[in-house]
DNA sequence: GTCTATACCAAGATAGAC
DNA sequence: GTCTATCTTGGTATAGAC
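Chains as they are written, first to last, in this note's numbering: chain A, 53 to 238; chain B, 53 to 238.
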């Protein structure tokens, strides 16, 4: 978690640890002192302020950096997907992969649900990422796939709310059931 | 939002406004001063502390009170349901009703996702409520219904993340599609 | 049971040495 | 670019009058 002071640039390190802390503790619950400590600076020293004017000003770049990462992940995943194109993907495998993608977003989704309304501008950025993810499916052309992704998102988030698999339903059973309810998943 | 000082007991008013504020601003982001103001007391006066020993001690009762409310809502809804039992409910109507139930939980789900891990004891209470809601369906007996509820939860929460209907999918179209994918919804 | 006043401390932020 | 030291604000919590 905490990093050494020589990793990358301090600014980068601050952005990284700040995002993690915002997700973990919320924006209000995260102190600049803790950010400094985790970034390898001395906690309580104002070292942070050589890199950002205020804690508030940090929120946006931290989120945008994370969004950019997801963009890259998705592009790589899409590229990998294209490489094996032509081979039919079994439904269960496709669903499992999409669930994996969605879980990548978990920190971002939590932060949006908790603090999103206080930084309305970043919502657009998040929407952008989600739409990139959604490029693989369009509601008009493939409504069943979209329903599946929504169901996977529900399974993940509701399980997070309960702190255990939702209603105790095991993941593989859920995916099997979901697959059996679709007719034309590629 | 803010209430007059003569509504109900002060303790009750504090619990109500505190829950709202916790959902809105998070636990860390909510100040005792703001709770006092919204509850009709003078902000900054320690009036709050005649009713609770600390802000921390307030979190649990506030959530439990909200949970108790949902319990009542669900029981009433179940009772109403029984009154019209025998008449077959069209799938779309049932799905829409379940989505309405889920939306009742929205504040609780947000709070759990944001602050739940800091108050592990209350997770059990929340799980209890969700299981009451889930009594209408069991994964073993009616997996398709469970998948539908999960999908509805996903539609709601993902829309909250995006700040608009998920991927722009209109609610009624989503519900129609979901209904068409189920075979044996009662 | 609510107020005024206040003690206390944690957190945001700045100045200036190194 | 990071440190020590410090200023200032605002938030938790208490004491005591009414």
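Ideal placement from N, C-alpha and C gives every residue a C-beta, glycine not left out. It should be emphasised that the depicted structure is a prediction, and the values quoted were computed from it without experimental measurement.
Query raised in the report: Mapping DSSP to helix, strand and coil, what is residue 103 of chain B?
Result: coil
Query - residue 205 of chain A, DSSP secondary structure in three states - result: helix
**Report entry** residue 256 of chain A versus residue 75 of chain B: straight-line alpha-carbon distance, rounded
**Finding:** Any answer about residue 256 of chain A is impossible in this case: the structure gives chain A only from 53 up to 238.
Report task. Please name the residues in the stretch 177-205 of chain A whose beta-carbon is closer than 9 Å to at least one beta-carbon of chain B, in chain order. Result -> 178, 179, 182, 183, 186, 189, 190, 191, 195, 196, 198, 199, 200, 201, 202, 203, 204 and 205
Query raised in the report: Does the count of Cβ pairs from the stretch 159-169 of chain B and the stretch 180-200 of chain A closer than 8 Å reach three?
Result: no
Report task. Using a threshold of 9 Å, state whether the C-beta atoms of residue 244 of chain A and residue 230 of chain A are closer than that. Result -> Chain A is shown only over 53 to 238; residue 244 of chain A falls outside these bounds and no answer can be derived.
Query raised in the report: For residue 132 of chain B, is the classification buried or exposed, using 16 other Cβ atoms within 10 angstroms of its Cβ as the cut-off for buried?
Result: exposed
**Report entry** 7 Å CB neighbourhood of residue 147 of chain A in its chain, flanking five on each side removed
**Finding:** 200, 204, 227, 230 and 231
Query raised in the report: Using the C-alpha atoms, what's the distance from residue 181 of chain A back to residue 91 of chain A?
Result: 27 Å
Query - Beta-carbon proximity check, residue 73 of chain B vs residue 82 of chain B, cutoff 9 Å - result: yes
Query raised in the report: Hey, out of B/109, B/94, B/217 and B/96, whose CA is closest to residue 67 of chain B's CA?
Result: B/109
Query raised in the report: Going along the chain, which residues of its own chain have a beta-carbon closer than 6 Å to the beta-carbon of residue 115 of chain B, five neighbours each way excluded?
Result: 174
Requested in this report: Would you tell me roughly how many angstroms separate the C-alpha atoms of residue 187 of chain A and residue 198 of chain A, rounded to the nearest one?
Outcome: 11 Å
Requested in this report: Check the C-beta distance from residue 78 of chain A over to residue 85 of chain A and give it rounded, since I have them as a contact under 8 Å.
Outcome: Contact flag wrong, Cβ pair sits at about 16 Å.
**Report entry** Where the alpha helix (DSSP H) containing residue 125 of chain B begins and where it ends
**Finding:** 108-135
Report task. Report the rounded CA-to-CA distance for residue 118 of chain A versus residue 154 of chain A, giving the unit in angstroms. Result -> 14 Å
Requested in this report: Could you tell me the distance, in whole angstroms, from the CA atom of residue 102 of chain B to the CA atom of residue 88 of chain B?
Outcome: 11 Å
Requested in this report: Count the other C-beta atoms from every protein chain shown that fall within 10 angstroms of the C-beta of residue 136 of chain B, then say buried if there are 16 or more, exposed otherwise.
Outcome: exposed
Report task. Starting from residue 108 of chain B, find everything on chain A with Cβ-Cβ shorter than 9 Å and list it in chain order. Result -> In chain order: nothing, as chain A lies at least about 13 Å away.
Query raised in the report: How should residue 168 of chain B be labelled, buried or exposed, when 16 other C-beta atoms within 10 angstroms of its C-beta is the threshold for buried?
Result: buried
Query - Closest by C-alpha distance to residue 126 of chain B, when choosing among B/171, B/70, B/216 and B/149 - result: B/149
Query raised in the report: Thinking just about the alpha-carbon of each residue, which of A/142, A/177 and A/141 is nearest to the one in residue 214 of chain B?
Result: A/177
Report task. Give the interface partners of residue 207 of chain B over in chain A, defined as CB-CB distance under 8 Å, in chain order. Result -> 202 and 206
Requested in this report: Could you name the residues of chain A that residue 175 of chain B contacts, counting a contact when the two beta carbons are closer than 8 Å?
Outcome: 214 and 215
Query - Simplified DSSP state of residue 216 of chain A, which is helix, strand or coil - result: coil
Requested in this report: Using only alpha-carbon positions, find the residue among B/219, B/223, B/113 and B/209 that is nearest to residue 183 of chain A.
Outcome: B/219
Query raised in the report: When the Cα atoms are used, what is the spatial distance from residue 53 of chain B to residue 124 of chain B?
Result: Note that residue 53 of chain B scores a pLDDT of 49, beneath 50, so its modelled location is shaky; the value from the coordinates is reported in the next line. Answer to the nearest angstrom: the Cα atoms are 22 Å apart.
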